[in-house]
Amino acid sequence: MLSISKALNSSQAQNYHKLEFTSETQNYYKQDGAVQGEWQGRLAEKMGLSGAVSAEDFARLSEGRHPQTEEQMVKHRAAQEYTNANGTTTNAVEHRAGWDATFSAPKSVSLTALVGGDERVREAHRAAVATALTELERYTQARIGGNNPAETTGKFIAAKFEHDTARPVDGYAAPQLHTHAVIFNVTERADGSTRALQERGMFESQNYATAVYQSALTYKLRNLGYEIEAGKSGAPEIKGYSQEYLEASSPRSQQIKEHLEKTGYSGAEAAQIAAHATRDSKQILSPEEVLAAHREMATAFGNQPATVVAEARARAQVQDRGPDEMLKAKEALTYARNSNFEREAVNDERILFRDALRRGMGETTFAHVRAEFDARRTRGDFRLVESDKHATGRSFTTPETIANERANVAHVMRGQDTVEPMMSRERATAQATSRSFLNTAQRGAIEDVLTSSDRIHGLQGLAGTGKTTVLSSIREGAEHGGYVVEGFAPTSRAAAQLRESGISATTLQSFLTRGGEGKGTPDPDSKHLYMLDESSLASTKQMRAFLDKIGPQDRVLVIGDTRQHQGVDAGRPFEQMQDAGMRTSRLDQIMRQRDPELLKAVQHLAKGETVEGVRMLGEQGRITELANPKERIEAIAKDYAGQPENTIIVSPDNRSRQLINQAVRVELQASGALANDSHEFRTLTHRSDMTGADREWAARYKAGDVLKYTTGSKTQGIERDSSATVLSTNARDNTITVERADGQSVTYDPRRLRGVNAYQEAPREFATGDRIQFTAKDKDLGVSNRDLGTITKLEPGQITVRLDGKDERTVSFDPGKMQHFDHGYAVTSHVSQGLTEGRVIANIDTESSRSLINTRLAYVAVSRASDDARIYTNNAETLGARLATDISKTAAVDFRQPGPDTQRHASEPTINQYADPNHRIAAVASAYAERPNSTVIIAPDRAERQELNQLIRADLQAQGRVAPDSKSFTVHIEQTLNNPRLAEQYTPGDRIQYRLGSLSLGGIAKDSVAIVVATDSKTNQLTVQTSSGDEVTYRPHLAKDMTAQSTVYREEQREIASGDRIQINESYPKQGIRKGDLGTVTAISDTNDLDIRLDKGKSVQLNKEQAHHIEHGYAVQNLKAGTPERVLITQETLEGQGDPASLSRNAREVSLYTSDGSGSNQALKAPIALPEQQQSEAPANVVAPEPMHVEHRRSIGR
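Here the UniProt record's numbering is used: the first residue of the sequence shown is 1, the next is one more, and so on.
Laid out in structure tokens, this is it:
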């Protein structure tokens, strides 16, 4: 594996080099003893560094100086106090020299290479280290400073030192093959300048580089004839070694482990501290002493290294050719895709590579996996996504993810203004005021929902705002309106809470799996109001499946809180639907907290003002700091035991939760609160670490796992709803062997079975009086997953529990059959969501479970309390900042409307230059697709305008934003004639709108329309047919006033559908329509009347005649009315056009796309902003298209 140290200063680095890296006592198996070191890295090669590492070069680089010229490449840092390798301290101005990246071979590999004497294994380790370092280098970044994004350079300098023993423990230096790679704090930018290295990219690539190392090592070892299996930590180990020998050969690891258990600390940083704290004083051992000790240890365990090497050499002579590497790469990448995109909509490429390499460990290579990834990306199976500016690697999504997200938004947009309200405003107001105790927010939400004309409506409710009462009132109103009301929720407990509102409710999954409206023809007379509660916990895939099943007369109320916890599976549909414009009512008047000071803190947490909320809790004396984990847990247990009634403990992770539960039980037993009838039970804990893809991979199962089958298999003799225990796994054949309840064993490939859930058995002691939580739904008992209660009686084969709740219902069960329960004193933050308790105690360690310490934890945990909330932490000073971390589910498509913080004033446009007009058009279309709801394109050139409208409209139809069933409209497009006095400028079929009539031309009246039927350029005569059918011939140059006051239109065909953006090219004052108004088509009648929602908020209807004066509104000639948030201007050059900002009126964000930088630069007087990618491809969309191949046709897709 790869471990990376904290940054070393120059003195530390040079001390390590002298005393550790090049010490003869680190390489007892090398003939010449001394460690010379070796250079690696693209920047090392450029600076002429190769071969052995000299002390002079190492020292110069550690001080940030060029190894040859001694020029200072990176600035020194401020004065600090440092601890040297020998324990002394240095107080000096020191340069940040670099980082020690250590690649450690698995213990069995070390024993084979060193004690077994197989030099080929040592060479395999070296080659694997080199490969992994190359991949780590790929993500090297230069630190730019300020809030600027780092620049990915892909260049560093590394000095490698290979060692073969661990630090001695009690005089025994265990064999441990490892390589120190000192990565110096310097990189080179694209312009050739040197900068300090940004360490974030390196640490974020650590697990990926570990996988590359282990994969390369395993592949080489298998080719040498060694058999590989997964070790206790998941790392590959060579088969043939007993666990006792491996542990006896790892006294240093055991020493660190014991230190961590003694102190109660955990995590990588704690392990690093423990490693320093447990170091023995330096012992000088001779090579003879070390090698003799290794031989003696090997003899004591039967000379296993010699046997393993001999068998591998014999096996290599006869083993068949390995599996097809490319085929295995395909399987491995498919696993990585399925596993990761089940949980996240967007994934870093390093995560995909990491998991693919783990899946194909030893059977394929990194080169094969990358080749397969590149091939699939070319096919469009992976889509590049625009990353955060501080991202250190590329991110990808899948077409399926994009389609699901867009489908959900399409359901929302297509349903807006399409249904009759369930109640009139007067009746809805009466319904809302029928409960006098409701507050303004509650009454407003009830009125909004009952009077909404949208098929899908949102209800965003903060924690403790009285949602249950609101839903009950909405249910009553909907039922009065003839609707059947049904409720759903992602969790069984949330569904149960809906039932408290008098709503018939079940889980979302049960609705999706039952026969419903989505199967067969929906009943056209059936009307449902579906309430989907806790929708922030629903995945994008679930939401789409749910909305797809809705019948034509049905409505949906989507309920949730975007600031509370999100679901396990991929997506954040509730938030996305709001971002895209789902009309949403809000419950924001918090009533749960009875303590006014606590309420103030919760209000800040609910708004995402976490630092301020935590600061207020501290001022109120609600935060206790205890750095030692054991002491902190004991204090929490005492606090709980002192006042257990209506108290819940919240801890972010299961490990700390279990420790707290144990500590609480000790306190309660000591006080006599628990009876003396404790019994140990075998409970089942769901293996939530396994995805669907994991359940098809044999290596992910563990001996002892309990499997439950919801479908079963006749072929394997496994009955539905039965269980079995895993006996063994065979990773090579991808099979598992299980023992059924009847004692018979069955071996099968897990890819062949569906509906399998894995659990681990865990012993738990329970006594009468213990708090208990159920960890699975049980229909027979009538309990939901995570229901809480108190044990009232323990009898042989039966536990009786009084459930929490108003009715305090009692249930009894056989713990030998129903094993899904656990202690209920401490729960995770996710489990606490939906609970209300008088008092909350939260355990928040800022250094452990870092991915779980975030704004959602702070808000959910503290807001459970009605009277008091207390936080116990290791570091009160950093608590607010750590809890302010926003860890949210990813999304492939950004539907957000731009906020003030992201908008640019029109006086500061961004210029994007493209030499190729084709690239420019494609780039504009892609940029529009980022935020179509708030963007208008200005394209003065008519041909470009039409092409952009066609491109964008086709893409939006593919996304589902524009309905597929278009209607053809004849529209009248205003023409700009160079000289309207010349007959040759007109075309037969043109429509002329005369503002003035002519006395001499009696057939042409004021405000009339005529059609051009003929032109004669020689005589300059124009023949038109009036509305009465008369033909009139005249010379336009003689009828000067009439010609000057006329407008010429040309008929064209336009496809229009619901969802289309249009511009109205005529004023209709009575309807409040101004020429140039932009809007969205919401409906089209059979007679081609158009219902339009104008951008200024007004809904209007255009009749068939008025509908002639519309045009697609994606790209327009100019903005005659309205103020869009964002304007994209595209033209070959703006020279002579004046300031383009004037074209966009008051837009807050303006971008210019041009093929000529000179004119635009002069016009805008603004610096040119050229992203790197624009030299060869269009800027990436939010869901970035692949680098665009724009040849003879233009496309905004891939």
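A virtual CB, placed ideally from N, CA and C, is assigned to each residue, including glycine.
Going by beta carbon distance, what residues of the same chain come within less than 6 Å of residue 239, once the five residues before and after it are set aside? In the sequence shown, counting from the first residue as 1, residue 239 sits at position 239. Within the same chain, Cβ atoms closer than 6 Å to the Cβ of residue 239 are found at 227 and 229, the five residues on either side in sequence being excluded.
Could you tell me which uninterrupted alpha helix (DSSP H) segments, each at least 4 residues in length, are contained entirely in the stretch 965-998, listed from first to last along the chain? DSSP runs (the alpha helix (DSSP H)) wholly in the stretch 965-998: none.
To the nearest whole angstrom, what separates the beta carbons of residue 1008 and residue 1026, a pair I think is in contact under 8 Å? The residue given as residue 1008 occupies position 1008 in the sequence shown. The residue given as residue 1026 occupies position 1026 in the sequence shown. Right, the Cβ-Cβ distance comes to about 6 Å (below 8 Å), so this counts as a contact.
Take residue 367 as the anchor and find which of 670, 19, 132 and 784 has the nearest alpha-carbon. The residue given as residue 367 occupies position 367 in the sequence shown. Out of 670, 19, 132 and 784, 132 has the C-alpha closest to the C-alpha of residue 367.
Taking residue 969 as the reference, which of 887, 1089, 1034 and 305 has the closest Cα? Stepping through the sequence shown from its first residue, residue 969 is reached at position 969. Per the Cα distances, 1089.
Could you compute how far the alpha carbon of residue 307 sits from the alpha carbon of residue 318? Along the sequence shown, read from residue 1 onward, the residue named residue 307 stands at position 307. Along the sequence shown, read from residue 1 onward, the residue named residue 318 stands at position 318. Those two C-alpha atoms are separated by around 17 Å.
Local conformation of residue 129 per DSSP, three classes: Start at 1 with the first residue of the sequence shown, and residue 129 comes out as number 129. Reduced to three states, the DSSP call for residue 129 is helix.
Bridge partners for residue 1014 per DSSP, in chain order? In the sequence shown, counting from the first residue as 1, residue 1014 sits at position 1014. BP columns for residue 1014 point to 1023.
Express the C-alpha separation of residue 1085 and residue 1103 in angstroms, rounding to a whole number. Counted from its first residue, the sequence shown places residue 1103 at position 1103. Counted from its first residue, the sequence shown places residue 1085 at position 1085. When rounded, the distance between both Cα atoms is 10 Å.
Output needed for residue 42: all residues of its chain with C-beta closer than 6 Å, excluding positions within five of it in sequence on either side, in chain order. In the sequence shown, the residue the question calls residue 42 occupies position 42. Only 155 meet the Cβ criterion.
Considering residue 610, what are the terminal residues of the beta strand (DSSP E) in which it resides? Looking up residue 610 in the sequence shown gives position 610. Segment 610-619 is the alpha helix (DSSP H) holding residue 610; no beta strand (DSSP E) there.
Within 10 angstroms of the Cβ of residue 628, are there 16 or more other Cβ atoms? Answer buried if so, exposed if not. As a position in the sequence shown, residue 628 is number 628, starting the count at 1. So residue 628 ends up on the exposed side.
Apart from the five residues just before and just after residue 204, which ones in its own chain have a Cβ nearer than 6 Å to its Cβ? In the sequence shown, the residue the question calls residue 204 occupies position 204. Beyond the five residues adjoining it in sequence on each side, residue 204 comes within less than 6 Å, by CB distance, of 392 in the same chain, given in chain order.
Quick check on DSSP: helix, strand or coil for residue 809? By one-based count along the sequence shown, residue 809 stands at place 809. Reduced to three states, the DSSP call for residue 809 is coil.
Is residue 160 buried or exposed, if buried means 16 or more other CB atoms sit within 10 Å of its CB? Here residue 160 corresponds to residue number 160 of the sequence shown, with the count starting at 1. When all chains shown are included, residue 160 counts as buried.
Does the distance from the CB of residue 570 to the CB of residue 354 come in under 8 Å? What you label residue 570 is simply residue 570 of the sequence shown in a count that begins at 1. What you label residue 354 is simply residue 354 of the sequence shown in a count that begins at 1. Annotated as distal: residue 570 and residue 354, with beta-carbon spacing of 8 Å or more.
Counting only the same chain and skipping the five closest in sequence on each side, list residues whose C-beta sits under 8 Å from that of residue 660. Mapped onto the sequence shown, residue 660 falls at position 660. In chain order, 633, 636, 637, 649, 651, 825, 826 and 843 place their CB closer than 8 Å to the CB of residue 660, counting only its own chain and leaving out the 5 sequence neighbours on each side.
With three or more C-beta pairs closer than 8 Å as the rule, is the stretch 930-943 touching the stretch 1109-1129? Touching, per the Cβ criterion.
Is residue 828 near residue 812, with beta carbons less than 8 Å apart? Position 828 of the sequence shown, counted from the first residue, corresponds to residue 828. Position 812 of the sequence shown, counted from the first residue, corresponds to residue 812. No.
C-alpha gap between residue 849 and residue 350, whole angstroms: The sequence position of residue 849 within the sequence shown is 849, counting from 1. The sequence position of residue 350 within the sequence shown is 350, counting from 1. When rounded, the distance between both Cα atoms is 21 Å.
For residue 793, which beta-bridge partners are listed by DSSP? For the purposes of this step, residue 793 is taken as the residue at position 793 of the sequence shown. According to DSSP, residue 793 bridges with 800.
Check each candidate in 1106, 13 and 582 and name the one with the smallest Cα separation from residue 1063. What you label residue 1063 is simply residue 1063 of the sequence shown in a count that begins at 1. The candidate whose alpha carbon is nearest that of residue 1063 is 1106.
Cβ neighbour criterion (16 or more within 10 Å) applied to residue 75: Your numbering for residue 75 matches position 75 in the sequence shown. Counting C-beta atoms within 10 angstroms of its own C-beta, residue 75 has fewer than 16 neighbours from the protein chains shown and is therefore classed as exposed.
Which residue marks the beginning of the beta strand (DSSP E) containing residue 704, and which one marks its end? By one-based count along the sequence shown, residue 704 stands at place 704. For residue 704, there is no enclosing beta strand (DSSP E), as DSSP gives it neither H nor E.
If residue 544 sits next to residue 407, beta carbons under 8 Å apart, how far is it from one beta carbon to the other, in whole angstroms? Counting from one through the sequence shown, the residue named residue 544 turns up at place 544. Counting from one through the sequence shown, the residue named residue 407 turns up at place 407. Your pair residue 544 and residue 407 checks out as a contact, with CB atoms roughly 5 Å apart and the cut at 8 Å.
Across which residues does DSSP place residue 457 in a beta bridge pair? Sequence index remark: in the sequence shown, residue 457 carries index 457 (1-based). Answer is 557, bridged to residue 457.
Assigned exposure category for residue 46 - 16 Cβ within 10 Å defines buried: The sequence position of residue 46 within the sequence shown is 46, counting from 1. So residue 46 counts as exposed.
Endpoints, the alpha helix (DSSP H) within which residue 374 is located: Residue numbering aside, residue 374 sits at position 374 when the sequence shown is read from its first letter. Where residue 374 is concerned, the enclosing alpha helix (DSSP H) stretches over 366-379.
Enumerate in chain order the residues of its own chain whose CB-to-CB distance from residue 219 is below 7 Å, with the five nearest sequence positions on each side excluded. Taking the sequence shown and counting its residues from 1, the one referred to as residue 219 is at position 219. Only 362 and 365 meet the Cβ criterion.
Residue 818 beta carbon less than 8 Å from that of residue 758: Within the sequence shown, numbered from 1, the residue matching residue 758 stands at position 758. Within the sequence shown, numbered from 1, the residue matching residue 818 stands at position 818. The Cβ atoms of residue 758 and residue 818 lie no closer than 8 Å to each other.
Cβ neighbour criterion (16 or more within 10 Å) applied to residue 656: For this step, residue 656 is matched to residue 656 along the sequence shown. Within 10 angstroms of the beta-carbon of residue 656 lie 16 or more other beta-carbons, which makes it buried.
Please go through the same chain and pick out, in chain order, the residues whose beta-carbon is closer than 8 Å to the beta-carbon of residue 1083, but skip the five residues on each side of it. As a position in the sequence shown, residue 1083 is number 1083, starting the count at 1. Sequence-distant Cβ neighbours of residue 1083 in its own chain, meaning closer than 8 Å and more than five residues away, are 417, 418, 1058, 1090 and 1091.
Measuring CB to CB, does residue 192 end up less than 8 Å from residue 494? In the sequence shown, counting from the first residue as 1, residue 192 sits at position 192. In the sequence shown, counting from the first residue as 1, residue 494 sits at position 494. No, they are not a contact pair.
With 16 as the cutoff for other CB atoms within 10 Å, does residue 153 come out buried or exposed? Mapped onto the sequence shown, residue 153 falls at position 153. Buried.
Cut-off 6 Å between Cβ atoms - residues of its own chain near residue 900, not counting five sequence neighbours on either side: In the sequence shown, the residue the question calls residue 900 occupies position 900. Here residue 900 scores only 41 on pLDDT, less than 50, and its place in the model should not be relied on; the value that follows carries that caveat. Sequence-distant Cβ neighbours of residue 900 in its own chain, meaning closer than 6 Å and more than five residues away, do not exist here.
Determine, using beta carbons only, whether residue 508 and residue 490 come nearer to each other than 8 Å. Here the question's residue 508 lines up with position 508 in the sequence shown. Here the question's residue 490 lines up with position 490 in the sequence shown. In this structure, residue 508 lies near residue 490, with their beta-carbon atoms less than 8 Å apart.
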